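Q:
Number of protein chains: 2
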Amino acid sequence: MSDQTTCQRDARPRRLILAGAHRQPGYCLSCGIRAQSVCSVIDDDDIARLAETAVETLVLPGRSFIEEGAPATDFYNITSGNVKLFKALPDGRRQITGFATTGHFLGLAVSDLYAFGAEAIDTVRLCRFSRARMRLLMDDFPRLERRLLAEASNELVAAQNQMLLLGRKTARERVASFLLERVREVPNPSEDVPLPMTRSDMADYLGLTIETVSRTLSWMRTERLVTIGKGHTVRITAMERLHALAAGEAG
Amino acid sequence: MSDQTTCQRDARPRRLILAGAHRQPGYCLSCGIRAQSVCSVIDDDDIARLAETAVETLVLPGRSFIEEGAPATDFYNITSGNVKLFKALPDGRRQITGFATTGHFLGLAVSDLYAFGAEAIDTVRLCRFSRARMRLLMDDFPRLERRLLAEASNELVAAQNQMLLLGRKTARERVASFLLERVREVPNPSEDVPLPMTRSDMADYLGLTIETVSRTLSWMRTERLVTIGKGHTVRITAMERLHALAAGEAG
DNA sequence: GGGCTGAATTGATCTGAATCAATGTCTTTT
DNA sequence: AAAAGACATTGATTCAGATCAATTCAGCCC
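For the protein sequence lines, the chains are D and R, in the order given. For the first sequence, UniProt numbering assigns the number 1 to the initial residue and increments by one for each residue that follows. For the second sequence, UniProt numbering assigns the number 1 to the initial residue and increments by one for each residue that follows.
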């Protein structure tokens, strides 16, 4: 299903840090590779014990590495790249429940089956743990558990926002909300915002069709809210108006 | 905003248990009142220290006790009754993001503001903690943190299901999914299912209008999928077909 | 029981987004 | 640089569910 290599950890002792959303550089907890970092600093003696069973996995664009409904054996931490998470209906209708990028944890499930599928948008590197191992890690490092709780809380807030979007917002409000969500991924809000996903992904994330997404972006261009660049980027040219639109304040 | 009394804890020592979803009887961690229980058994010596600042609050039907966007000062554990959680847009459009009942924790937020509002459907009893206190509790009782992580994971799965529903399901599929969700609240699936919320609440939960909810329930009655009882109850008469409908397998 | 009030149902019409249908534009391959 | 294939845009038409508009029903409180 995906290309996969065992973790290559060099012998030199070093501080081991969980890859995460805070964006300080560090080393992956499971395999010791350099990554965006976060969270919990753990001393060198822990490394040997922790790194034994971990694997680093490389996933090519379009490949899925979590299958909805499959036994939830593993737990993932994304080291680089972009991932889409989704649920599907038997006739092919699909809802993307979120996009995940460097630092995100995936596969946290109470059930024995994955509740969603995950597919690489671009080339993705990730660290894979067994769930049993994750349980041990949590016992040894309470800060990891706290970190996961904080991440789950944040995702819950995001999910609630998305429910408001899907249940009650118009197509224009949905696309505006989406663009503002993506702007938060770049340091400077007036620079180009990358949209690594296809129109089809956007549509499945926003509960729309590709045609409606396309039409809405075209409308935003004629309204001088955004300029649409080459190669999957947009630039926001009227931040205030876009915010008002996303918040449901405009007609 | 709500009637409120300080906790009345009696002096007799006893084991203290967190109110929760597992439905074993026990005593509330914060105030010592008898409640549906779960999770973590804590020894008697802890009680005095823990129960000092806790209050039990009684919330009347229709009253809200969490205001969306207000400073997130407190943390709640529902002791009895039904609550709706929602987000709203400035023009009054509303999305109910979930219903909570006995045992649920509310107000877990990383942000300093509540991301959603909460309102009592019927008479609700709940235990209130300050967030600072909650933090101390989590330091002292790691099992509490684990419990909260498990609850957050479950809610995340529910939220993903709801996103699929709101983004991609038809009105009939939505109502069918909702009814099946409510059936899980009663021990025997062939008995009457209580629907304590109004049609308006159902509509705002399902991303529909009250008229569509009503029409769809009427259609289900004529199709012999359900019988609609007096006083906010339904009984499911064709479980298989309803399941197929909810899963998107039917026309 | 009889009026009162908010909730629920049912009907007629409208509309935003879906669907169906070309056409246009990038990207990759050779 | 040309061809192929995937992705994106734009246009015409349809339709599921919203909106507007009456009734009808279920609790209540005397």
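Virtual Cβ for every residue (Gly too), placed ideally from N, Cα, C. No experiment lies behind these values; they were computed from the predicted model shown.
1. Hey, D:L89 and R:G248: beta-carbon distance below 7 Å or not?
2. Is the CB of D:K84 under 7 Å away from at least one CB in chain R?
3. According to DSSP, is D:L126 part of a helix, a strand, or is it coil?
4. Can you grab the Cα-Cα spacing for the pair D:F99 / D:T216, in whole Å?
5. Please list, in chain order, the residues of the stretch 110 to 125 of chain D that have any C-beta partner in chain R closer than 8 Å.
6. Compute the Euclidean distance between the alpha carbons of D:V59 and R:S218, then round it to the nearest angstrom.
7. Does the beta-carbon distance from D:I210 to D:R221 come in below 7 Å?
8. Please name the residues in the stretch 136 to 163 of chain R whose beta-carbon is closer than 8 Å to at least one beta-carbon of chain D, in chain order.
9. I want to verify the contact list: residues of chain R whose CB lies under 7 Å from the CB of D:P71, in sequence order.
10. Here's a check: name, in chain order, each residue in its chain whose Cβ is nearer than 7 Å to the Cβ of R:T237, leaving out the five neighbours to either side.
11. Is there a C-beta anywhere in chain R that falls below 7 Å from the one on D:Q24?
12. Could you tell me which of R:G92, R:A152, R:K84, R:Q160 sits nearest to D:Q95, measuring between CA atoms?
13. Going by other Cβ atoms of all chains shown within 10 Å of its Cβ, with 16 needed for buried, is R:K230 buried or exposed?
14. Please list, in chain order, the residues of the stretch 167 to 185 of chain R that have any C-beta partner in chain D closer than 7 Å.
15. At a CB-CB cut-off below 9 Å, which residues of chain R make contact with D:D91?
16. Count the CB pairs spanning the stretch 108 to 118 of chain R and the stretch 66 to 84 of chain D that are closer than 8 Å, and state whether there are at least three.
17. With a threshold of 7 Å between beta-carbons, can R:T97 be considered close to chain D, or not?
18. Could you spell out where the alpha helix (DSSP H) holding D:V213 opens and where it closes?
19. Taking the beta strand (DSSP E) that D:Y76 belongs to, which residues open and close that run?
20. Tell me which same chain residues have a C-beta within less than 6 Å of the C-beta of D:L190, skipping the five on either side of it?
21. Can you tell me which of R:M197, R:H243, R:R174 puts its alpha carbon nearest to the alpha carbon of R:T101?
A: Walking through what the data contain:
1. Counted from its first residue, the first sequence places residue 89 of chain D at position 89. Counted from its first residue, the second sequence places residue 248 of chain R at position 248. In this structure, R:G248 lies closer than 7 Å to D:L89 by Cβ.
2. Within the first sequence, residue 84 of chain D is the residue found at index 84, counting from 1. Among the residues facing chain R, D:K84 is not included, as its CB has no counterpart in that chain under 7 Å away.
3. Position 126 of the first sequence holds residue 126 of chain D. D:L126 falls in the strand class under three-state DSSP.
4. Position 99 of the first sequence holds residue 99 of chain D. Position 216 of the first sequence holds residue 216 of chain D. Computed Cα separation, rounded: 21 Å.
5. Hits within the stretch, in order: V110, S111, A115, F116.
6. Sequence index remark: in the first sequence, residue 59 of chain D carries index 59 (1-based). Sequence index remark: in the second sequence, residue 218 of chain R carries index 218 (1-based). The C-alpha of D:V59 lies about 49 Å from the C-alpha of R:S218.
7. Looking up residue 210 of chain D in the first sequence gives position 210. Looking up residue 221 of chain D in the first sequence gives position 221. Result no, Cβ atoms of D:I210 and D:R221 do not sit closer than 7 Å.
8. M138, P142, E145, R146, L148, L149, A150, A152, S153, N154, E155, L156, V157, A159, Q160, N161, Q162, M163
9. Here the question's residue 71 of chain D lines up with position 71 in the first sequence. Near D:P71 there are no residues of chain R at all, since even the closest Cβ is about 15 Å away, more than 7 Å.
10. Position 237 of the second sequence holds residue 237 of chain R. Within the same chain, R:T237 has close Cβ partners R224, L225, V226, T227.
11. By 1-based counting over the first sequence, the position of residue 24 of chain D is 24. For D:Q24, the predicted structure reports a pLDDT of 41, less than 50, and the residue's modelled location is therefore unreliable. The matter cannot be settled from this model.
12. Walking along the first sequence from the start, residue 95 of chain D turns up at place 95. D:Q95 has its Cα closest to that of R:Q160, out of R:G92, R:A152, R:K84, R:Q160.
13. Residue numbering aside, residue 230 of chain R sits at position 230 when the second sequence is read from its first letter. When all chains shown are included, R:K230 counts as exposed.
14. G167, R168
15. Against the first sequence, residue 91 of chain D aligns to sequence position 91. Those are G248, E249, listed as they occur along chain R.
16. no
17. Locating residue 97 of chain R in the second sequence gives position 97, where the first residue counts as 1. The Cβ of R:T97 sits closer than 7 Å to at least one Cβ of chain D.
18. Along the first sequence, read from residue 1 onward, the residue named residue 213 of chain D stands at position 213. It spans 210 to 222 - the alpha helix (DSSP H) in which D:V213 sits, taken as one unbroken run.
19. Position 76 of the first sequence, counted from the start, is the residue given in the question as residue 76 of chain D. Segment 74 to 80, the beta strand (DSSP E) holding D:Y76.
20. Counted from its first residue, the first sequence places residue 190 of chain D at position 190. Checking the displayed sequence, the identity of residue 190 of chain D turns out to be Ser instead of Leu. Here the set comprises nothing.
21. Indexing the second sequence from 1 puts residue 101 of chain R at position 101. Per the Cα distances, R:M197.
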